[in-house]
Amino acid sequence: MLAIQTLTDVQLIHDKAEALSLDSLIPAVRKSPQEEAEEEEEGGWEEEEAEVVRDTLLQPNPCTLYKLQENGELLGMKDIVGGFRAFGQLVKLERVSPLIRRVAVGPATIQIAEAPAHDIGGSIWLSSIALCGWMAAGGRKELCGKVVLELGSGVGVAGVFAASCCSPARAILSDGTQSLVGLCQFNVELNGCAASCYRLDWGGDVVLGEEEKADVILAADCIYRTNADAFLRAVLDHLKPGGRLFLVNPPEENRTGIDEFIYKLWEHGDLEWKRIRVEHDGYVKSLLFIQFQREVLPSSSSNLQE
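Numbering of the sequence shown is given in full-length UniProt numbering, commencing with residue 1 and proceeding in unit increments.
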């Protein structure tokens with residue numbers, strides 16, 4: 001059984017964070033100039049508060065434990081990773097400061113800066129933790145040597161873990177909010193990994209050219225309300241034929257739109273989905289783990305030969 005790594009030396013992350021420019025982090029926490037202007041009428045952030053964030057950024061705080069479990073009689077994590085029972089005990093999330101946490105997954109550890117004041121995208125969500133657990137328990141072989149794109153990165157948990165621990169040929173993090181892209185870049189630098197960070201509006205922007213489409217797309221907690229069509233278009237715009245999507249998302253009863261997305265995605269390739277359970281602080285949350293492989297259409301040259 002793989003053991004959870006417990007880290008006690010917080011000085012390592014302090015030294016790394018101090019070596020980076022915290023000035024680049026604070027604007028990300030405070031959102032873009034346009035977003036700040038829109039919020040001024042509602043109060044917004046004061047300069048004094050930003051200084052408090054700067055002063056307390058490196059102060060350690062108690063840790064929080066996230067535990068992933070097998071799913072009882074339903075198809076669960078053990079089924080997803082081919083029998084790795086240790087998957088349910090891989091992930092530990094430790095808060096090092098008001099804005100920086102350690103995510104320890106088996107023998108691997110990453111540090112993630114959060115911006116909790118930045119709506120839903122600035123925090124670590126259980127779906128991204130589950131996706132990291134899947135990679136650590138055997139999923140990393142799907143990413144090794146591949147072009148990997150994370151859609152809707154938020155703070156970049158899955159993308160940073162993939163770049164740090166899964167040996168991709170290229171790792172790309174993306175989000176539709178520019179200030180979160182800046183926070184992703186900070187987290188990439190904080191972990192010393194190689195990854196590009198781009199702003200990407202689903203259904204509009206395209207960050208990968210035709211010759212460099214992604215072999216693998218990662219996404220966590222990206223489907224909600226009415227954005228299923230836009231997310232599907234982003235997947236199809238960036239995933240090469242034969243490429244694979246790995247998505248963890250709350251089910252329909254908790255997040256409207258995922259059933260519609262699954263139905264439409266099925267038209268474009270092979271799809272499997274399984275329910276998993278995530279236990280956190282005494283309560284259990286049900287999530288969906290979706291694996292999709294895009295179909296490979298016959299080339300025009302092969303059609304002519306036939």
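We treat Cβ as the ideally placed atom computed from N, Cα and C, and that holds for glycine.
Integer-rounded CB distance, given that residue j should sit under 8 Å from residue i
| i | j | result |
| --- | --- | --- |
| Ser-156 | Val-188 | Looking at the sequence itself, residue 156 is Gly, so the reference to Ser does not match. Indeed, because the Cβ distance is near 7 Å, the residues count as touching under 8 Å. |
| Arg-244 | Ile-223 | Contact flag wrong, Cβ pair sits at about 17 Å. |
| Tyr-239 | Lys-213 | Looking at the sequence itself, residue 239 is Leu, so the reference to Tyr does not match. The pair is a contact, with the Cβ atoms about 6 Å apart (cut-off 8 Å). |
| Val-216 | Phe-261 | Wrong, their Cβ atoms sit about 18 Å apart, outside the cutoff. |
| Val-105 | Leu-218 | That pair is no contact at about 14 Å. |
| Glu-171 | Ala-137 | The sequence as given places Ala at residue 171; Glu does not occur at that position. Rounded, the Cβ-Cβ distance is 19 Å, inconsistent with contact. |
Backbone secondary structure at residue i - three-state DSSP
| i | result |
| --- | --- |
| Cys-193 | coil |
| Arg-275 | strand |
| Val-155 | coil |
| Glu-142 | helix |
| Ala-137 | coil |
| residue 310 | Nothing in the structure corresponds to residue 310, since the chain is present only between 1 and 306. |
| residue 307 | Residue numbering for the chain in the displayed model covers 1 to 306; residue 307 lies beyond these limits and cannot be assessed. |
| Ala-130 | helix |
| Ala-115 | coil |
| Arg-233 | helix |
| Cys-165 | helix |
According to DSSP, residues forming a beta bridge with residue i
| i | result |
| --- | --- |
| Phe-261 | Phe-261 pairs with nothing; no bridge assigned. |
| Leu-198 | Going by the sequence as given, residue 198 is Tyr instead of Leu. Paired residues: Ser-174. |
| Phe-246 | Leu-218 and Gln-291 |
| Val-147 | Arg-170 |
| Pro-124 | Residue identity check: residue 124 is Ile in the sequence provided, not Pro. None, per the DSSP bridge assignment. |
| Gly-269 | Arg-294 |
| Leu-239 | Ala-214 |
| Val-206 | Answer by DSSP bridge pairing: none, since Val-206 is not bridged. |
| Lys-285 | Val-278 |
Close Cβ partners of residue i (< 6 Å) along its chain, the five nearest in sequence each way excluded
| i | result |
| --- | --- |
| Thr-6 | The predicted model places Thr-6 with a pLDDT of 29, which falls under 50 and marks its position as unreliable; any figure quoted below should be read in that light. For Thr-6, where only same-chain residues beyond five positions count, there are no Cβ hits under 6 Å. |
| Leu-200 | Ser-174 and Val-207 |
| Ile-110 | Val-103, Val-160, Phe-161, Ser-164 and Asn-191 |
| Ser-167 | Cys-144 |
| Tyr-198 | Ser-174 and Val-207 |
| Trp-202 | Ala-230, Phe-231 and Ala-234 |
| Trp-273 | Leu-288 and Ile-290 |
Own chain partners of residue i with C-beta closer than 8 Å, once the 5 adjacent residues on each side are dropped
| i | result |
| --- | --- |
| residue 315 | Shown here, the chain extends from 1 to 306; a query on residue 315 therefore has no answer. |
| Gly-257 | Ile-223, Tyr-224, Arg-225, Thr-226, Asn-227 and Ala-228 |
Buried versus exposed call for residue i [16 or more other C-beta atoms within 10 Å across all chains shown]
| i | result |
| --- | --- |
| Ala-226 | First, the amino acid is wrong: residue 226 is Thr here, not Ala. The residue is exposed, with fewer than 16 neighbouring Cβ atoms inside 10 Å. |
| Lys-141 | exposed |
| Asp-221 | buried |
| Arg-233 | exposed |
| Trp-134 | buried |
| Glu-253 | exposed |
| residue 362 | There is simply no residue 362 to check, as the chain begins at 1 and stops at 306 in what is shown. |
| Ala-115 | buried |
| Met-77 | For Met-77, the predicted structure reports a pLDDT of 34, less than 50, and the residue's modelled location is therefore unreliable. The matter cannot be settled from this model. |
| Glu-295 | exposed |
Close beta carbons around residue i, own chain, < 7 Å, minus the five adjacent residues each side
| i | result |
| --- | --- |
| Leu-297 | Pro-241 |
| Gly-121 | Gly-154, Asp-175, Thr-177 and Leu-180 |
| Cys-132 | Val-91, Val-103, Val-105, Val-157, Ala-158 and Phe-161 |
| Cys-193 | Val-160, Ala-163 and Ser-164 |
| Asp-259 | Glu-252 |
Near the ligand COA: residue i beta-carbon under 8 Å from a heavy atom
| i | result |
| --- | --- |
| Glu-189 | Among the components of this structure there are no ligands whatsoever, and the ligand COA is therefore not found. |
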